[in-house]
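Report on one structure; see the data block that follows.
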Amino acid sequence: MTTARSLIQGSLRLIRVVADEETPTNSQMVDGLERMNEMLHGLKAHNADIGYQDITLDDDIPLPPEHIRPVRYMLAVELAPEFSGNVTPEVAVEAKAGMLTLQSAYRRIGKLRPDEGLENRLTRHGYDIDADY
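Numbering-wise, my numbering comes out as the position in the sequence shown, counting from 1, plus 470.
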């Protein structure tokens, strides 16, 4: 599993805030964690309800392994303005693709109902729309 600490470090490296062998400061990690928690909660507003709850730096990211990379790139784009980071076109493309990946995996579709006029017509003829026939 990937911890929040590892994911944030990776995101900061993607935008060149820290070098490969460099360790982010405690302040950078705390700010990164706050932004990550905000971002993952905010996915619900973008039709990707992952049922997220805040985590700490040493907690595992509560997502399957195939969704860690998309979140790392999305977080890099999220952190760039605050940390004066450099978002390359490749990182931007990966972040956008990541959002689409999460939306397709976690989109919640409500109960579908027929048009009211059709439903009225069916019930007049004895058909119960909610019964399992």
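For each residue, glycine too, the CB sits at the ideal point set by N, CA and C.
Which word fits PRO540, buried or exposed, when buried means at least 16 other C-beta atoms lie within 10 angstroms of its C-beta?
Buried, since its Cβ has 16 or more Cβ neighbours within 10 Å.
Could you give the first and the last residue of the continuous alpha helix (DSSP H) run that contains THR571?
Here the alpha helix (DSSP H) through THR571 covers 559 to 576.
Per DSSP, which residues does ASP530 bridge with? Please list them.
According to DSSP, which records beta bridges pairwise, ASP530 is partnered with THR473.
Considering just the uninterrupted stretch of the alpha helix (DSSP H) at ARG486, what are its terminal residues?
ARG486 -> no alpha helix (DSSP H), and no H or E assigned at all.
In whole angstroms, what separates the C-alpha of ILE579 from that of GLU492?
Cα to Cα, the separation comes out at about 43 angstroms.
How far does the alpha helix (DSSP H) with SER497 in it reach, from first residue to last?
That run of the alpha helix (DSSP H) goes 496 to 512.
Since LEU503 and ALA474 should fall inside the 8 angstroms C-beta cutoff, what is the C-beta to C-beta distance between them, to a whole number of angstroms?
That pair is a contact at about 6 angstroms.
If distances are taken between C-alpha atoms only, which option among GLN479, ASP528, PRO534, THR526 comes closest to ILE520?
For ILE520, the nearest C-alpha among the options comes from PRO534.
So ALA546 and LEU484 are in contact, right, with Cβ under 8 angstroms, and what is the actual spacing, rounded?
Between LEU484 and ALA546 the Cβ distance is about 4 angstroms, and since that is below 8 angstroms, they are a contact.
Here's the rule I'm using: 16 or more other beta-carbon atoms within 10 Å means buried, otherwise exposed. How should GLY555 be labelled?
Buried, by the Cβ-count rule.
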